[in-house]
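Residue numbers (the numbering used here): 84 to 450.
Don't be surprised by glycine CBs; every beta carbon is placed ideally from N, CA and C.
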Ligand code: 13P
Ligand code: SF4
């Protein structure tokens, strides 16, 4: 039996793919301005008022600006990983869901709640995994392997989800693939090669991997991490599984954003080296004020804007553009209504599975 990878050219890594390089640069250039300190209280009060008036709830990811994370919690919304963002938006009675994160998160909310209005501070907040997995190419990949169960990561477009049997997030990918393996199913996995490889290593499942990657996690470096560990011998290393295998191998804990936060809370260690987007440090430091969190090293001397441990698309969310969107009603997510009935199936399958196995809710700090 063949277990392995296929080489799919990814727009992101292609030398001619100026499209994606531009998209990263555009994301940095489009970052909303930081409000002045004096302007912040009024801005926050205005956003709170508009959320209430519009029966809207704010759902934020751990990687977005701390102001948005705090505001989501202060207004009855949530800051969480992508699984709980989907779950929360799905259960919440508000008429409008405002998603502070990246586009696939807004799309997932819309697919699950087509009757609701879903807004985002910036609709151009993409994800390199999504960009690197165009629906037509992915469809051809699926057509070439009709005997495989198609499992896609949440970080994909609605059209890619519409070709899938299952959607997973990093919180639940392991138990779902275990379950499919027990059923004797062969898996076609997309788009993150590192997360796919990690799941393959852990489960021994037969998997064909799309060769996508996250531009943030791809940059963590094992050698530099070893050097930092030598400086902090007591430090626990927390790694998101979108990171390269050599980095994952050095981890004390591997998991989704919420699982890494829980690991930091439950460990008695004083120091932690964190290999995931540095937006997560806000929640870690708030929950564990006596612990010290260090960013895992990226490309070091060769660093460029791709290797600063922060997602350029997550950085497109801020108080200023959130207020603008609530005032204008622009930046609403629309999805082709023909795609929704098909795209919702793999998402619902995942949510039902999470319920069945009683996967603990990951809304840390929201209890
Ligand atoms: P989590 O589901 O672990 O929050 O990850 C989402 C993501 O985009 C990580 O880069
Ligand atoms: Fe996508 Fe990586 Fe940004 Fe997460 S951190 S949204 S995987 S580009």
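If residue i and residue j are in contact, beta carbons under 8 Å, what's the gap, nearest whole angstrom?
i: residue 254; j: residue 339; result: 4 Å
i: residue 454; j: residue 354; result: Shown here, the chain extends from 84 to 450; a query on residue 454 therefore has no answer.
i: residue 341; j: residue 153; result: With 8 Å as the limit, residue 341 and residue 153 do not qualify as a contact, their Cβ atoms being about 17 Å apart.
i: residue 416; j: residue 181; result: Between residue 181 and residue 416 the Cβ distance is about 10 Å, and since that is not below 8 Å, they are no contact.
With DSSP collapsed to three states, give me the class of residue i.
i: residue 111; result: helix
i: residue 338; result: coil
i: residue 179; result: strand
i: residue 378; result: strand
i: residue 140; result: strand
i: residue 201; result: strand
i: residue 443; result: coil
i: residue 228; result: coil
i: residue 295; result: strand
i: residue 415; result: strand
i: residue 300; result: helix
i: residue 389; result: At residue 389 the pLDDT is 45, less than 50, meaning the model places this residue with poor confidence; the figure from the coordinates comes in the next sentence. Residue 389: helix per DSSP, three-state reduction.
Could you tell me the boundaries of the beta strand (DSSP E) in which residue i lies?
i: residue 232; result: 232-236
i: residue 163; result: 161-163
i: residue 208; result: Looking at the DSSP string, residue 208 is not in any beta strand (DSSP E), and its letter there is neither H nor E.
Excluding the 5 residues preceding and the 5 following residue i in the sequence, name in chain order all residues of the same chain whose CB lies nearer than 7 Å to its CB.
i: residue 346; result: 321, 336, 338
i: residue 185; result: 208, 209, 210, 396, 397
i: residue 116; result: 403
i: residue 241; result: 190, 194, 418, 422, 426
Would you kindly report the start and end of the unbroken alpha helix (DSSP H) that includes residue i?
i: residue 276; result: 276-286
i: residue 194; result: 186-195
i: residue 265; result: 256-265
i: residue 147; result: Here residue 147 belongs to no alpha helix (DSSP H), and DSSP marks it neither H nor E.
i: residue 430; result: 423-439
i: residue 251; result: Per DSSP, residue 251 belongs to no alpha helix (DSSP H); it is in the beta strand (DSSP E), 249-251.
i: residue 319; result: No alpha helix (DSSP H) contains residue 319, which is instead part of the beta strand (DSSP E) from 319-322.
Please find out if some non-hydrogen atom of ligand 1 comes closer than 6 Å to the beta-carbon of residue i.
i: residue 253; result: yes
i: residue 340; result: yes
i: residue 165; result: yes
What do you reckon, is the C-beta of residue i under 6 Å from a heavy atom of ligand 2?
i: residue 238; result: yes
i: residue 257; result: no
i: residue 185; result: yes
i: residue 299; result: yes
i: residue 212; result: yes
For residue i, I'd like the list of residues in its chain whose CB is within less than 6 Å of its CB, leaving aside the five on either flank, ordered along the chain.
i: residue 247; result: 233, 235, 429
i: residue 386; result: Model confidence at residue 386 stands at a pLDDT of 47, short of 50, so the residue's coordinates are unreliable; what they give is reported in the following sentence. None.
Ordered along the chain, which non-local residues of its own chain (more than five positions away) have a Cβ less than 8 Å from that of residue i?
i: residue 125; result: none
i: residue 328; result: 277, 280, 281, 284
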